[in-house]
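Read top to bottom, the protein sequences are chains A and B. Under this note's numbering, the first residue of the first sequence is numbered 1, with each subsequent residue one higher. Under this note's numbering, the first residue of the second sequence is numbered 1, with each subsequent residue one higher. Even glycine gets a Cβ: it sits at the ideal position worked out from N, Cα and C. Below you'll find the structure, written out as structure tokens, and then a few comments.
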Amino acid sequence: AQSVAQPEDQVNVAEGNPLTVKCTYSVSGNPYLFWYVQYPNRGLQFLLKYITGDNLVKGSYGFEAEFNKSQTSFHLKKPSALVSDSALYFCAVRPRDGGATNKLIFGTGTLLAVQP
Amino acid sequence: DAGITQSPRHKVTETGTPVTLRCHQTENHRYMYWYRQDPGHGLRLIHYSYGVKDTDKGEVSDGYSVSRSKTEDFLLTLESATSSQTSVYFCAISESGGTSPLHFGNGTRLTVT
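What follows is the structure, encoded as structure tokens:
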């Protein structure tokens, strides 16, 4: 079965330090990869996506993600964390043979807590 | 924020009653989706629509039906609510298929007692 794994339920980091939120996937072919962020009582917001090309993708709010095909990973990173980055982060995958619609497979989410 | 309104925002209902959740968009996007969010499961796709009167099932469609009679409205109906359907429900839209980002509403918290 196709799946997305976010191995850490929570990541704690001090403000100003670099952060990494991990994501690995088990999807056939070369899927499209996404990161979304969710703030309390809100819907998910799109951060960035990997389609093809450079393995390092830059997105909103200073976030970037590194695609590693051999490890089937797509880790979210930021060089310097802010307290306002504290939120729930979701990795999502779309198989390339998924047809015309953008049906995503989501991970279970990682809660990022940035301490002042 | 994309123009997506979900109603109601909160609802408590009893087991066995029908419930309809509404998603209204002002973006004229073709694709609309209903997801449910549960701890430990992330988001799971219930149903989606790729045009007026064109809908299809997602991975957790049992017990749910949908209708889309206008581009802007996508309704999710729980035919006979059960406690296992207690969840937060999110509507999402996308301008096109493929890799265009999903834009989400703020969710409906449904409690089935």
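*asked:* Using 8 Å as the cut-off, can you tell me whether the segment 69-88 of chain A makes contact with the segment 15-33 of chain A, which would need three or more C-beta pairs spanning the two stretches below that distance?
replied: Result yes; three or more Cβ-Cβ pairs closer than 8 Å.
*asked:* Can you check which of these residues, Ser-87(B), Thr-108(B) and Gly-98(B), is closest to Pro-39(B) by C-alpha distance?
replied: Ranking Ser-87(B), Thr-108(B) and Gly-98(B) by Cα distance to Pro-39(B) puts Ser-87(B) first.
*asked:* Just to confirm before moving on: does the CB-CB distance between Thr-77(B) and Asn-28(B) stay below 8 Å?
replied: The Cβ atoms of Thr-77(B) and Asn-28(B) do not sit closer than 8 Å to each other.
*State the Cα-Cα distance for the pair Tyr-50(B) and Thr-113(B), rounded to the nearest angstrom.*
Their Cα atoms are separated by approximately 33 Å.
_Mapping the DSSP letters down to three states, classify Gln-2(A) as helix, strand or coil._
Looking at Gln-2(A) - three-state DSSP - the assignment turns out to be coil, as it is neither helix nor strand.
*In chain order, what residues of the same chain have a beta carbon less than 7 Å from the beta carbon of Ser-65(B), not counting five sequence neighbours either side?*
So the qualifying residues of the chain are Thr-77 and Glu-79.
*Look up Asp-85(A) in the DSSP assignment and say whether it is helix, strand or coil.*
In the structure shown, Asp-85(A) sits in a helix (DSSP, three-state: H, G or I).
*asked:* Contact criterion: CB-CB distance below 8 Å. Does Asn-106(B) meet it with respect to chain A?
replied: Nearest CB-CB separation between Asn-106(B) and chain A: below the 8 Å threshold.
*Just mark Gln-10(A) as buried or exposed, buried being the case when its beta carbon has 16 or more other beta carbons within 10 Å.*
Exposed is the label assigned to Gln-10(A), since fewer than 16 other Cβ atoms lie within 10 Å of its Cβ.
*Mind listing the chain B neighbours of Tyr-39(A)? Cutoff is C-beta to C-beta under 7 Å, in chain order.*
Below the 7 Å Cβ cutoff, chain B contributes no neighbours of Tyr-39(A), its closest Cβ being approximately 10 Å away.
*Starting from Asn-68(A), follow the beta strand (DSSP E) in both directions and report where the run begins and ends.*
Here the beta strand (DSSP E) through Asn-68(A) covers 64-68.
*According to DSSP, what are the bridge partners of Ala-92(A)?*
Answer is Phe-34(A) and Phe-106(A), bridged to Ala-92(A).
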